[in-house]
Amino acid sequence: MSEIPAKATESEDPSDGARADAAGDFARAVPGGAAVGTDAADGTASGAAPAASGAPEDETGGETRDVPRDATGGGTGETPADVTGEVPGDLTGEVPGDATGDVPGDAMWQSSPPGSIYDYIKAASFSIGADGLVDQWSLRAEQIFGIPAERAVGLDPIEAFVPADRRESGQRKMAEILDGREWTGIVPFRTPAAEGAGEGAEDSAAREGLAEVYVMPTTTEHGERAAVCIVVDVRTLRTIETDLAASQAIFGQSPFGFLLIDTELQVRRANQRFASIFGGTVDDHRGKGVHDYLPHAEAERVTAVLRRVLETGDSITDMHVTGQVPGSDERRHWSINLYRVHSGSGRPIGIAWLGTDITSRRAAAREAAAARRNLALLNEAGARIGNSLDLETTARELLDVVVPGFCDLATVDLYQGLLAGDETPPGLADGSAELRRVAFASAVSDAPFAGGPAPVAVGAVHHYPFNSPCADALRTARPQHLPADDGGLIQSTLAVPMVAHDTVVGLAQFSRTKGSEPFGERDRALAVELAARAAVCIDNARLYRREHERALILQRSLLPPGDPEASGLDIACRYLPGNAATEVGGDWFDVIELPGHRTALVVGDVMGRGLRAAVAMGELRTAVRTLALLDLEPAEVLSALDEIARGLGTPGGVQQATRTGRQSRDADLSEVYLATCVYAVYDSVTRRCTFANAGHLPPVLVEPGENALMLDVPPGMPLGVGGEPFEEVEVELPEGALLALYTDGLVESRDHPLDEGLQAFVGALTDPSRPLEDVCDHVLNTLDTHHGEDDIALLMARVQGLPAESVGDWTLPREPRSVGRAREYARTQLVAWDLEPLVDTTELLVSELVTNALRYGEGEIRLRLLLDRTLVCEVWDAGLVQPRRRRARDTDEGGRGLQLVGLLSAGWGSRRTPRGKTVWFELPLPDGGTPLTDPAEALLSLF
């Protein structure tokens, strides 16, 4: 046995032969656990000793037949904490070692070689002296019972380990044993550690169990009766029995090929499934290697993998191996799983090989892979084609999808008429109309048709002969297979018409080179589907391009033509439309000249895109110019513009929109026009600028020598919302200051939030003294203006106020002689300005306006002359009644003064002021190219 104390000697009892037989049977039965609880008639293997003694059965459970099999725990499948539960067998008789490592290898004596069956069954021994007490205690006994030798020696085993209710019968059995009887059986035990007897003892559940005990009587050196006890944990035996049965079932009954390969990489054991595939019996495969089953290259690869598994212990899962079975030339495929096998001591003893045939699965996988590849190609086409509304880009997206996943070369030709904007391209009947090569892609060469016709360059216009397959494909709207040229690069070509909405828009050609698989019916159907998807996207892009160009033409026609001019301002402006992928927006700007050398600056943005936004922008811009000519205050202009915006989406106009708004707030949002706008009026005489804002971004001001800053203009509600008044802010602008108005497309995009864009814009205005055109270019180049997500409008103005010598300003009392004095002031000032040709006309018109102020006005009269690009004369008074021009009858003595002003001046009008009104007229300068009107002829024309 594994550990027998040296002190014990062999008994000379007549039953020695029976003991030897019992020991031999026990050793043979332990691996399967068959010796435990089998035959109730004999506790030993021979059954001789109990029968001969004639000892009555007792309730200790010492006899095997007294302990039911299910009471031992053998049938429960429980596994002690120190057993791995997996004991596969092999040809050497070695079994894998204990996975727990309870006892170090140098802590006990082991048989040679390591890894024997005793490493699994946990056999232990101890001896009992003539006094019935323990006098020898092995290390294995210490492990099973948890009692060290120094504590166990001297204990009464019956009192120490047998439960109290069975101790009496146990003492009788001990007396029989010391009387020379040999005994074996299953005994329940409980160690003192379970009752708290030992320090550091483990929990009580681990100290209770069943043990198979084999007791052999011996004699001491003094001739006294003693005994040697061999103890085996029954639950361990039951686990071994279950594990061996499971191992045999896995190996022998497995539907997969199973091999055990030794450390020399030779087959030590094969199952029947493996033998049925490769022929012969199971024993015929012993000693063979992988070179006997696989081709040389494949065998070398597998051999390297086997060595790596043997060296590292890393398992291999689903390794694919290709080879042939005896008597067949068909290539077979197997999926192999490999893992290293160990002995009981942990020593590697070989490799387990588990294989299954996956040939049919591989064939089905290839078919499924082809179907998945085509489906993935269609999914990719749906995701990548049509992301742009540009014709050429859409064609290139098609080729990016098909090359090289579907073909090696591909081209796309579109009808030239469609690209030019024609509704229906000419020549569709015979397929010979002009086409333009818009895209080409190749995975093999830049010269795709070597040995064939000359390739068509991208962008070139060409046509196919009437009898050619390509023309036939265009004519019939059906794909055609083009024959390959002998000696050329191309093996197979498909000419597929691109049909969208029952209209052929072009032709796509897909080619595969020699060495690739020719096109089949499945490929033909896939090519038609790809071309159809691309054709729809190209047709949509064509229609969008047409609408985009029309909207862009409309929008540009509504913007100020050329570079606008203004009195006292240097103006520069930029307008950048969005790219072709985005619809045209509603951004606009305007520069409007007002009386008195004043200028209105406007920048706005209609929310939305497309033709609808462009039309709304045109209506609002026209309304702004009309309101500006009424010379209203900025806040009044935005209030009136808000009413107009609310009426844009209502058939009845502004009043209908107001009534509808009062009745219900659930208006259709699709008919709501919203816009933002900033409106500023600059007076070149005072260099003061008045701002009003309707939800727009704040203006930016750069004063000389200062950093740029955003003006704090209260942002009112956007136009079209209604219900809120607008506020005004007046700012005095220093000479040389730079004022910038802009739309959100300049400072906001997907990649740059608004705050970041505003800071970048302010930081770009670092040198306002540069030429204004250069400043605009610098801003556009510095900021992210190429995103194309929205239109960009930028209006910049540099302040250049009227010099003091260009302004004449006088205050006149309310008395008749003020009319003559006004003429005198005007004559003197015009002579000082070298404008003698305008003296007579100016005196006449000033006399008329001052006379009207005396007769119909109130308060003091103020006369002001302004010289810039034109001469402006203004007469101020405190009266609120605006002058009204009327037609005088032939018999009337008066009523012709304002008619005379209209005849002699380039323009006249009146406007309200905070303290009254101002009546003005404007005269062109003599060198301005505009002929002057003779006052005498004007007077005669009145009669």
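Numbering (numbering that gives the first Met the number 0), first residue to last: 0 to 942.
Idealized CB from N, CA, C, for every residue including glycine.
For residue i, which of the options has the nearest alpha-carbon?
i      : options                           : result
Asp839 : Ser904, Asp789 and Arg854         : Ser904
Ser943 : Tyr119, Ser137 and Cys872         : Outside the shown range of the chain, which is 0 to 942, sits residue 943, and nothing can be said about it.
Leu259 : Leu353, Glu726 and Gly184         : Leu353
Arg895 : Leu843, Cys872 and Thr262         : Leu843
Thr504 : Arg436, Gln828 and Phe255         : Per the sequence presented here, residue 504 reads as Val, with Thr not at that position. Here the closest residue by C-alpha is Arg436.
Leu902 : Asp773, Glu921 and Thr912         : Glu921
Trp809 : Glu755, Leu864 and Gln758         : Leu864
Asp484 : Phe465, Val495, His461 and Ser510 : Ser510
Val266 : Asp291, Val401, Gln247 and Ile276 : Asp291
Glu520 : His480, Ala531 and Pro559         : His480
Val701 : Phe160, Val761 and Asp682         : Val761
Gln752 : Arg395, Thr358, Asp783 and Gly322 : Residue identity differs from the one stated: residue 752 is Pro in this sequence, not Gln. If we check each option's Cα against that of Pro752, Asp783 comes out closest.
Leu811 : Gly756, Asp313, His461 and Val874 : Val874
Val324 : Ala634, Thr492, Phe273 and Met215 : Phe273
Ile335 : Glu366, Val289 and Ala368         : Val289
Leu897 : Val845, Pro913, Lys916 and Asp926 : Val845
Ala831 : Leu801, Leu626, Asp562 and Leu866 : Leu866
Ala674 : Gly222, Asp328 and Glu618         : Glu618
Leu529 : Pro714, Pro559, Pro563 and Ala494 : Ala494
Rounding to the nearest angstrom, what Cα-Cα distance links residue i and residue j in this structure?
i      : j      : result
Thr316 : Val308 : 11 Å
Arg541 : Leu390 : 6 Å
Thr512 : Pro454 : 16 Å
Val29  : Ala245 : Note that Val29 scores 36 on pLDDT, short of 50, meaning its location in the model is unreliable and no value can be drawn from it.
Arg165 : Gly345 : 41 Å
His596 : Leu732 : 16 Å
Gln271 : Val340 : 20 Å
Glu823 : Pro882 : 24 Å
Ile591 : Ala639 : 17 Å
Ala370 : Ala524 : 12 Å
Arg797 : Leu568 : 6 Å
Gly807 : Leu848 : 16 Å
Arg361 : Leu610 : 57 Å
Ile239 : Ile176 : 30 Å
Ala691 : Leu377 : 55 Å
Pro633 : Thr781 : 32 Å
Glu194 : Thr235 : Because the pLDDT at Glu194 is just 44, under 50, the model does not fix this residue reliably, and the value given afterwards should be weighed accordingly. Looking at the two C-alpha atoms, the distance is approximately 24 Å.
Would you grab the beta carbon distance between residue i and residue j for me? Rounded to a whole angstrom, and I think it's under 8 Å.
i      : j      : result
Arg549 : Trp587 : The Cβ separation is near 17 Å, so there is no contact.
Asp641 : Thr742 : That belief does not hold up - the Cβ atoms of Asp641 and Thr742 are roughly 19 Å apart, past 8 Å.
Met716 : Ala693 : 7 Å
Ile384 : Arg544 : Not quite, the Cβ-Cβ distance comes to about 17 Å (not below 8 Å), so this is no contact.
Pro767 : Leu740 : Not really, about 15 Å apart at Cβ, beyond 8 Å.
So, helix, strand or coil for residue i, using DSSP?
i      : result
Gly762 : helix
Gly719 : coil
Pro496 : strand
Asp130 : coil
Leu924 : coil
Thr262 : coil
Ala151 : helix
Pro216 : strand
Leu434 : strand
Gln898 : helix
Tyr338 : strand
Val602 : strand
Pro187 : strand
Asn539 : helix
Leu732 : coil
Phe518 : coil
Asp586 : strand
The beta strand (DSSP E) spanning residue i covers which residue range?
i      : result
Ile229 : Arg224 to Asp232
Asp641 : Here Asp641 belongs to no beta strand (DSSP E); instead the alpha helix (DSSP H) covers Pro633 to Leu647.
Thr355 : Pro347 to Asp356
Gln479 : Gln479 to Leu481
What residue range is occupied by the uninterrupted alpha helix (DSSP H) comprising residue i?
i      : result
Val301 : His295 to Thr311
Cys572 : No alpha helix (DSSP H) holds Cys572; the beta strand (DSSP E) holding it covers Leu568 to Leu575.
Leu418 : Gln415 to Leu418
Val614 : Leu610 to Leu628
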